[in-house]
Structures are given as structure tokens and as C-alpha cells.
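Under this note's numbering, the first residue of the sequence shown carries the number 224, and numbering increases by one thereafter.
Cβ atoms here follow ideal geometry from the backbone N, Cα and C, with glycine treated the same way.
For clarity, every value in this text was computed on a predicted model and none was experimentally measured.
Here the structure is laid out as C-alpha cells; the discussion comes afterwards.
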Amino acid sequence: MHRVSIQTHDFDVSTELEALRARDARVGAVCCFVGTVRDRNEGDSVASMELEHYPGMTEKSIEAMVDAAFARFNLYGVRVIHRVGLLAPMDQIVMVAVTSAHRGESFQACEFVMDYLKTQAPFWKKEQTPDGARWVDARVSDDAALARWGIAAPPQVG
Numbered sequence: 224m225h226r227v228s229i230q231t232h233d234f235d236v237s238t239e240l241e242a243l244r245a246r247d248a249r250v251g252a253v254c255c256f257v258g259t260v261r262d263r264n265e266g267d268s269v270a271s272m273e274l275e276h277y278p279g280m281t282e283k284s285i286e287a288m289v290d291a292a293f294a295r296f297n298l299y300g301v302r303v304i305h306r307v308g309l310l311a312p313m314d315q316i317v318m319v320a321v322t323s324a325h326r327g328e329s330f331q332a333c334e335f336v337m338d339y340l341k342t343q344a345p346f347w348k349k350e351q352t353p354d355g356a357r358w359v360d361a362r363v364s365d366d367a368a369l370a371r372w373g374i375a376a377p378p379q380v381g
């Protein structure tokens, strides 16, 4: 099973979790986060979101994040799916799932990977609002979430 997938098509959470567990009797905890496209951001309605990435580079970056999670936590499996292309409100955009022996490790590792993903993965997001298209920047709160793991967000260019 691939640990990281970047794809345009939707995913089925149940199918992904079943494959991640793969009849592994050591697994005592499965933690999963699924992010969806919101219909509002920064007080404006959002009609759609388009995500771009650099094929190959994005997967390599996320694989490094998964390696960091395995180094930090006692995990059995990690699965990250991130969609790209044009998405509408309520569409699934990302899934992070982890397995471990105990829930504490699973909760922490899932949050760690998601925090890392939000700030470090090379994705570019553009929203369509009533006032036109706009690029979505990382939030200060995302950088703060990453900092609690002892990882500094890269400086903003521009």
C-alpha cells in the first residue's frame, strides 16, 4: 500500500482505513482526520477551490513528513491522501490516518502529520469568491500548531 497519494478523484475513508489496518492484530488504535472544502473563508463565500502541486516534489515532501512521524511516534501505518484540481464546498480534500497500539500515539501522530502537512507541503490553493479568485495563504494558527512540535515554518517569501 502506498503511504502517500496525490489525486484528483475522491476517496472512500472506510476502504482506506481497512487497507491501512490490513488485518494487523497489533493495531489497537486507528485515528483519522478528513478535511473538507468549506463554503466560507475569511468572511467571504467560496464557490470552489483549486489546488495545484508539483508532481513528484509534493509526494517526496509528504513522504518525508511521514518518515518524521514514524521517527517521533510508535506507529504501524500511515496513509495520507491529498486531492488536487477543482473542488467544491463539502468535497473531501485531505485524509490523514495512522495506526498504532494505543490511542495516544495515534491521536498525536495524526495531528502531527496534519500540522506538518498544512504548513510544509508544497500545495497552492486558489479560492473563487464573489469578488474573484484569490490565493490562500497559510494561517498564523497553522504555523503555531507546527511550532508546538518544535518545527519552525519556513519564512514567507514576497
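Hey, quick one: how far does the beta strand (DSSP E) through residue i stretch, first residue to last?
{"i": "Ala287", "result": "Segment Met280 to Arg295 is the alpha helix (DSSP H) holding Ala287; no beta strand (DSSP E) there."}
{"i": "Gly173", "result": "Here the chain covers residues 224 to 381 and nothing more, so residue 173 does not appear."}
{"i": "Ala356", "result": "Gly355 to Val359"}
Could you spell out the range, first to last residue, of the alpha helix (DSSP H) harbouring residue i?
{"i": "Ser239", "result": "As written in the sequence, residue 239 is Glu, which differs from the Ser given in the question. Glu239 -> alpha helix (DSSP H) spans Val236 to Arg244."}
{"i": "Val336", "result": "Arg326 to Gln343"}
If we ignore side chains and look at the alpha-carbon of each, how far apart do residue i and residue j end up?
{"i": "Val269", "j": "Ile316", "result": "15 Å"}
{"i": "Ile285", "j": "Asp354", "result": "33 Å"}
{"i": "Lys283", "j": "Lys341", "result": "15 Å"}
{"i": "Asp290", "j": "Phe346", "result": "19 Å"}
{"i": "Pro312", "j": "Arg226", "result": "26 Å"}
{"i": "Gly381", "j": "Asp360", "result": "Residue placement at Gly381 is flagged as unreliable, the pLDDT there being 46, under the threshold of 50; a coordinate-derived value is accordingly withheld."}
Just to confirm, is the Cβ distance from residue i to residue j under 9 Å?
{"i": "Arg295", "j": "Phe335", "result": "yes"}
{"i": "Met318", "j": "Cys255", "result": "yes"}
{"i": "Leu310", "j": "Leu274", "result": "yes"}
{"i": "Ala245", "j": "Gly300", "result": "yes"}
Per DSSP, which residues does residue i bridge with? Please list them.
{"i": "Gly258", "result": "Val317"}
{"i": "Glu273", "result": "Leu309 and Lys349"}
Report whether the distance from the Cβ of residue i to the nearest heavy atom of the ligand FMN is below 8 Å.
{"i": "Phe234", "result": "The ligand FMN is not among the ligands present in this structure, which contains no ligands whatsoever."}
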